[in-house]
Amino acid sequence: MNQELPERLIDESMRRVDGRKPDELRPIKIEVGVLSNADGSAYIEQGRNKILAAVYGPKEVHPRHLSLPDRALLRCRYHMAPFSVEERKSPAPSRREIELSKVIREALEPAIFLERYPRTAIDIFIEILQADGGTRCAGITVASLALADAGIPMRDLVVACAAGKVDGTIVLDLNDVEDKLGEADLPVAVMPSLNAVTLLQMDGLLTLEEFEQAINLAIDGCKRIYKLQKEALKAKYLAIKEEVEE
């Protein structure tokens with residue numbers, strides 16, 4: 025059954041539909057190394073989003089004519105499970121999924137030392153188990169962790185977060201209702217320790233002042249999630265260390 029849409033997305037006390045303040049992230053839970061069959065894997069819950077990422081490689085390219093002589097071939101598949109949204113989605117890849125696969129791959133490529141693995145392939149699989157807005161950003165965040173878990177050399181972790189405009193207010197980390205009914209959406213991906221932006225998109229209209237406010241808020245959100253990424257990686261390897269010591 026479809027939920028009734030609220031008349032206003034931000035009330036008089038500046039609280040959003042889910043009770044958050046404009047500059048507040050949704051609750052985030054991250055776990056690294058969740059799949060034993062993949063070379064690297066990670067899982068994220070961001071609000072009601074539930075996303076799994078797996079990485080395989082570097083490995084031999086099939087078919088071989090696709091291999092690149094000077095670097096690894098990075099391939100990415102972003103896929104929404106049929107049960108991830110309210111109305112059942114076709115399991116076949118949609119145009120949006122194909123586009124987001126390309127967007128995510130291009131956001132991650134600058135972080136990876138692809139030139140160290142010529143004539144090989146690195147495959148990233150991102151499975152959206154439950155979607156509630158901002159899946160491309162959460163997908164980039166979790167895929168970056170899966171790459172690190174696979175031991176693939178990276179310049180820095182890539183982390184992504186969106187800001188946007190809802191009821192005339194600039195807000196952070198839009199959920200599905202805000203994404204659909206808001207005035208603008210601005211996904212950003214960065215490598216925080218290098219101060220490098222690897223993804224910047226915008227849907228909707230913002231003034232120059234609003235754009236600057238939104239991008240600064242999104243980057244601040246990325247830095248907060250970056251700390252959670254590093255904590256999740258540390259937690260995995262501390263657990264391995266404890267097992268070895270026992």
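So this note's numbering is basically just the index in the sequence shown, starting at one, shifted up by 24.
Each residue gets a CB set at the ideal place from its N, CA and C atoms; glycine is no exception.
Within the same chain, Ile68, Val183, Ala184, Ile249, Gln253 come within 7 Å of Thr165 by CB-CB distance, once the 5 residues on both sides are set aside.
By the criterion of a C-beta distance shorter than 6 Å, Arg143 is surrounded in its chain by Ser91, once the five residues flanking it on both sides are discounted.
Of the residues assessed, Phe107 falls on the exposed side of the cut-off, its CB having fewer than 16 other CB atoms within 10 angstroms.
Within the DSSP bridge table, the entry for Gly245 names no partner.
Taking every protein chain shown into account, the CB of Leu124 has 16 or more other CB atoms within 10 angstroms, so this residue is buried.
Cβ contact annotation for Lys53 (same chain, cutoff 6 Å, sequence separation greater than five): Glu69, in chain order. With a 10 Å radius around the Cβ and a threshold of 16 neighbouring Cβ atoms, Gly175 comes out exposed. Short of 7 Å from the beta carbon of Pro177, and not among the five residues preceding or following it, lie these beta carbons of its own chain, in chain order: Phe137, Arg140. Pairing Pro211 with Ala186 gives a Cβ-Cβ distance under 7 Å. If you keep only unbroken beta strand (DSSP E) runs of at least 3 residues inside the region 107 to 181, you get 144 to 154. The C-beta distance from Leu241 to Glu48 rounds to 11 Å, too long to meet the 8 Å contact threshold. In the displayed model, Ser60 falls within coil according to three-state DSSP, outside both helix and strand.
Judged by pairs of C-beta atoms under 8 Å, the region 94 to 108 touches the region 148 to 158, as three or more such pairs exist. Note that the C-beta distance between Ala172 and Ile75 is not below 7 Å. When rounded, the separation of the alpha-carbon atoms in Thr222 and Lys189 is 22 Å. When the five nearest sequence neighbours on each side are left out, the beta carbons in the same chain lying within less than 7 Å of the beta carbon of Ala62 are those of Ala78, Val79, Tyr80, in order along the chain. When the alpha-carbon of Lys83 is set against those of Glu269, Glu202, Ala145, the nearest one is in Ala145. If you draw a straight line from the Cα of Phe149 to the Cα of Pro134, it is about 18 Å long.
The beta carbon of Ile239 sits closer than 8 Å to the beta carbons of Ala187, Leu210, Val212, Leu224 from its chain, once the five residues preceding and following it are set aside; these are given in chain order. A straight line joining the alpha-carbon of Tyr261 with that of Asp42 spans about 34 Å. In the DSSP assignment, Asn73 forms a beta bridge with Gln70.
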